[in-house]
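All residue numbers for the sequence shown refer to the UniProt record's numbering, where the first residue is 1 and numbers rise by one.
Where a beta carbon is used, it is the ideal one built from N, C-alpha and C, also for glycine.
Everything numeric in this text was worked out from a predicted model, so none of it was measured.
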Amino acid sequence: MGCLEYLAKVCVHLTSEDQDEILDKYRNHLRSISSSTSTLKRAKDKASKLYVTAERSFQRVEVTSFFKRIDTQGLVNATENLVNAKENLYESKLKARAYDRYIENTDEDDRSSKRPRQETIISEEDKKQPDANTIPKADDDNFDERKDDNEDKDT
């Protein structure tokens, strides 16, 4: 029973589905002990007896209740993880929604204040100016005029 408790601590995702694999590994280990040449005869005999009764030992009430408890604990943990994930998702959505609606300003004293976001109003004059990504074409009628206007502004 102590070995199963140890496995439960070490193996995070231990379930009753692993019971057959644990039994196989346990029996293989007992077989290797009983066939070892460096093991005392008493230990070999004990390992042989445990090997024969291993399957019956895994059907004991303590072992079956242990695996039921592990499964229940796994479901509880999975439910808690799901609830936490949903809460985190909800908080993220609220923060994103709040970010979309408010802008946080920080003054010189590192005090922050929030103000509602406002739509950017583009003036008619700004709408007429070419975008920085727009490259005027050489055959454009207004190409020379825009070039002259820009040169006047530079001087």
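> Do you know offhand how far C11's Cα is from S65's?
Replying inline: In a straight line, the C-alpha of C11 is about 18 Å away from that of S65.
>> Helix, strand or coil for H29? Go by DSSP, reduced to three states.
In response: The three-state secondary structure of H29, taken from DSSP, is helix.
> How is the alpha helix (DSSP H) around C11 delimited, first residue to last?
Replying inline: Note, C11: premise wrong, no alpha helix (DSSP H); not H, not E.
>> Is the separation between the beta-carbon of L23 and that of L50 shorter than 7 Å?
In response: The answer is no: Cβ separation not under 7 Å.
>> So S57 and K44 are supposed to be a Cβ contact under 8 Å. How far apart are they, rounded?
In response: The pair is not a contact, with the Cβ atoms about 18 Å apart (cut-off 8 Å).
>> Between which residues of its own chain and Q19 is the CB-CB distance below 7 Å, once the five residues before and five after are set aside?
In response: Around Q19, the same chain offers F58 and F67 as residues with beta carbons nearer than 7 Å, after the five sequence neighbours per side are excluded.
>> Taking only three categories from DSSP, how would you classify residue 193?
In response: Examination of residue 193 is not possible in this model, given that the chain is present from 1 through 155 alone.
> Do R27 and A47 come within 7 Å of each other at the CB atom, strictly closer than that value?
Replying inline: In this structure, R27 does not lie closer than 7 Å to A47 by Cβ.
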